[in-house]
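As structure tokens, the structure follows; a few thoughts come after it.
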Amino acid sequence: MDLNLDAPHSMGTTIVGVTYNGGVVLGADSRTSTGMYVANRASDKITQLTDNVYVCRSGSAADSQVVSDYVRYFLHQHTIQLGQPATVKVSANLIRMLAYNNKNMLQTGLIVGGWDKYEGGKIYGIPLGGTVVEQPFAIGGSGSSYLYGFFDQAWKENMTKEEAEQLVVKAVSLAIARDGASGGVVRTVIINSEGVTRNFYPGDKLQLWHEELEPQNSLLDILNAAGPEPMAM
Amino acid sequence: MTFTIPIDNGDSVKTAEADSQRTLYPYVTGTSIVAIKYKDGVLMASDMGGSYGSTLRYKNIERMKAIGKHSLLGASGEISDFQEILRYLDELVLNDNMWDDGNSLGPKEVHNYLTRVMYNRRNKFNPLWNTLVLGGVKNGESYLGMVSMIGVSFEDNHVATGFGNHLARPILRDEWHADLSFEDGVKLLEKCMRVLLYRDRSAINKLQIAKITEEGVTVSQPYSLKTFWEFKAFNNPTAGAEGSW
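Keeping their order, the protein sequence lines are chains A and B.
Heads up: the first sequence begins at 56 in this note's numbering, then just goes up one per residue.
Heads up: the second sequence begins at 309 in this note's numbering, then just goes up one per residue.
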């Protein structure tokens with residue numbers, strides 16, 4: 056089994072974006088892999104485009120970074136010319152423009168989410184090829200395969216901010232459990248009329264799933280706690 | 309450099325040449341469109357699915373859109389290319405309105421424009437990966453035509469794309485006749501869509517039917533069709549022959 060340290064950096068990834076009654080919650084895992092090696096176990100895949108619009112990145116790390124860098128640059132100029140914050144729709148369309156016109160060369164799936172005064176909280180999914188789909192919630196990255204069924208069952212309209220964030224954290228955590236290309240911590244970004252809140256959920260703050268055990272410092276702790284007659288080894 | 313003509317078999321093209329000037333394969337795709345002429349104009353049906361390979365990833369994609377006052381465009385194939393075509397048509401309609409001369413683009417003109425676009429892209433080995441259905445009514449005349457990704461273009465009384473070619477057209481050949489009422493037209497389209505739902509893996513049970521008449525375009529709300537599974541033969545098909553299917 057080869058490590059292949061020359062493989063392009065890819066964010067296997069699980070990314071999620073969810074609208075709620077008042078804004079959006081974006082979520083992602085934090086694993087960046089180079090072949091089988093985890094190049095970065097604490098990446099931040101939720102990238103700022105403007106004060107009120109963020110993007111979740113998946114696929115090729117390089118492609119997604121350069122696309123979001125260009126769009127941040129365009130949006131910065133657009134905001135100056137417009138004289139007010141850019142809308143989520145415009146941000147999504149700029150991403151679409153780059154993704155569609157370079158579809159032969161790019162390998163990145165993105166979820167654009169934000170809040171503006173015209174439409175409130177909005178989520179736009181932009182998969183490979185450059186299609187734009189406005190959705191009440193979006194999932195992407197390799198880990199998303201494990202979440203289609205989960206969201207079909209668990210998604211509801213008009214959730215509160217707390218419910219939406221819990222849903223996002225649960226979803227990313229479930230995907231991490233089954234997708235080898237996703238892992239690390241769960242990061243969330245909440246965007247609404249009041250502003251932006253970043254949150255961080257390391258593994259030990261998350262619920263345990265099937266066949267997962269409570270983390271311990273050492274076997275010795277288990278043996279010592281087991282009672283006055285530890286088993287003979 | 310080896311050249312391979314892209315063929316619309318729904319899957320990837322056979323070449324692996326890293327030529328950045330051509331579309332190699334579609335990513336998010338829509339399945340069949342079925343359309344018929346009827347008494348008052350044209351009826352068109354499509355489901356609302358956007359497949360990502362074998363995953364039924366998007367379930368709320370509108371694959372039929374009104375163009376100007378007189379036309380309706382339905383598309384199967386790559387959705388991003390369809391979205392780009394809509395942008396081209398937006399510009400076309402805008403320029404048409406700017407003339408402010410009382411005239412407006414009819415379905416025949418839009419169909420012709422699309423044929424030129426699709427054929428020219430095909431000649432550059434960089435097709436828009438769609439099969440388009442263009443229906444409309446202008447000055448009392450109904451129009452229904454189709455353009456494929458390789459630029460093949462024609463008009464007919466009933467058309468279908470993708471799987472619809474194989475499953476819906478035989479039904480239409482048998483049961484279509486001139487001057488169908490709205491109700492009969494809808495029932496005929498629903499018959500075709502139900503067969504597609506049974507037999508097309510990329511079909512989903514959420515569809516829209518669009519109507520275009522002299523008055524204009526209306527696209528129905530999304531709805532689902534009932535399906536039938538109560539054939540006795542479906543109940544215990546391997547009873548006499550265990551292991552068969």
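Using N, Cα and C, we set each Cβ at its ideal position, and we do this for glycine too.
Computed from a predicted structure; not experimentally measured.
Item	Value
For A/R253, which residues from the same chain have a beta carbon less than 6 Å from its beta carbon, with the 5 sequence-adjacent residues on both sides left out?	V244
Inspect the beta-carbon positions of A/W170 and A/N247 and report whether they are closer than 7 Å.	yes
So, under 8 Å CB-CB, A/V167 and A/A147 are touching, yes? Tell me the CB distance rounded to an integer number of Å.	4 Å
Our contact map puts B/L452 next to B/V467 with C-beta atoms below 8 Å; I'd like the distance itself, whole angstroms only.	6 Å
Once you ignore the five residues that flank B/I399 on each side, which residues in its own chain have a CB closer than 7 Å to its CB?	One point to set straight first is that residue 399 of chain B is Glu, not Ile, in the sequence displayed. The answer is none, since no qualifying residue turns up.
Which residues, in chain order, does the stretch 336-365 of chain B contribute to contact with chain A at a C-beta distance below 8 Å?	V336, G358, Y360, T363 and R365
Locate the alpha helix (DSSP H) running through A/A232, then write down its first and last residues.	K216 to R233
Flag this pair as yes or no: are the beta carbons of B/N368 and B/M356 separated by less than 7 Å?	yes
Which residues, in chain order, does the stretch 183-201 of chain A contribute to contact with chain B at a C-beta distance below 8 Å?	L183, G184, G185, T186, V187, V188, Q190 and S200
Can a CB atom of chain B be found closer than 7 Å to the CB of A/Y155?	yes
Determine the burial state of B/W407: buried for a count of at least 16 other Cβ atoms within 10 Å of its Cβ, exposed for fewer.	exposed
Quick one: is B/S384 near chain A, going by C-beta distance under 7 Å?	no
The alpha helix (DSSP H) that contains A/Y203, what's its start and end?	Y203 to A209
Can you find a CB in chain A that lies within less than 7 Å of the CB of B/I387?	yes
Compile a chain-ordered list of the residues in the stretch 487-517 of chain B whose CB is closer than 9 Å to at least one CB of chain A.	none
Interface residues of chain A around B/I369 at Cβ under 9 Å?	T186 and V188
Inspect the beta-carbon positions of B/I341 and B/S388 and report whether they are closer than 7 Å.	no
Chain A partners of B/L332, CB-CB under 8 Å?	N159
Taking the continuous beta strand (DSSP E) assigned at A/I181, which residues delimit it?	G175 to I181
Residue range of the beta strand (DSSP E) that A/N247 falls in?	V241 to N247
Please compile the residues from chain A whose C-beta is within a distance smaller than 7 Å of the C-beta of B/E392.	Y155
Taking the continuous alpha helix (DSSP H) assigned at A/T87, which residues delimit it?	Premise fails: A/T87 lies in the beta strand (DSSP E), T87 to T89, not in any alpha helix (DSSP H).
Say whether the stretch 470-485 of chain B touches the stretch 414-425 of chain B, bearing in mind that this needs 3 or more beta-carbon pairs closer than 8 Å, one atom from each stretch.	no
Considering only their Cβ atoms, is the gap separating B/E392 from B/P334 smaller than 7 Å?	no
Is there a C-beta anywhere in chain B that falls below 7 Å from the one on A/I70?	no
On the three-pair Cβ rule with 8 Å, is the stretch 129-139 of chain A touching the stretch 76-95 of chain A?	no
What residue range is occupied by the uninterrupted beta strand (DSSP E) comprising A/S115?	V108 to S115
What residues match up with A/A154 in a beta bridge as DSSP calls it?	Paired residue(s): none; A/A154 is not in a bridge.
Are the stretch 93-109 of chain A and the stretch 258-274 of chain A touching, with three or more C-beta to C-beta distances below 8 Å?	no
Comparing alpha-carbon positions, which option in A/L183, A/L274 and A/V227 lies nearest A/L81?	A/V227
Going by DSSP, which residues form a beta bridge with A/W170?	A/G176
Out of A/G180, A/M160 and A/L161, which one is the CA nearest neighbour of A/I70?	A/G180
According to DSSP, is A/A281 helix, strand or coil?	coil
Are B/L381 and B/K373 close, meaning C-beta to C-beta below 7 Å?	yes
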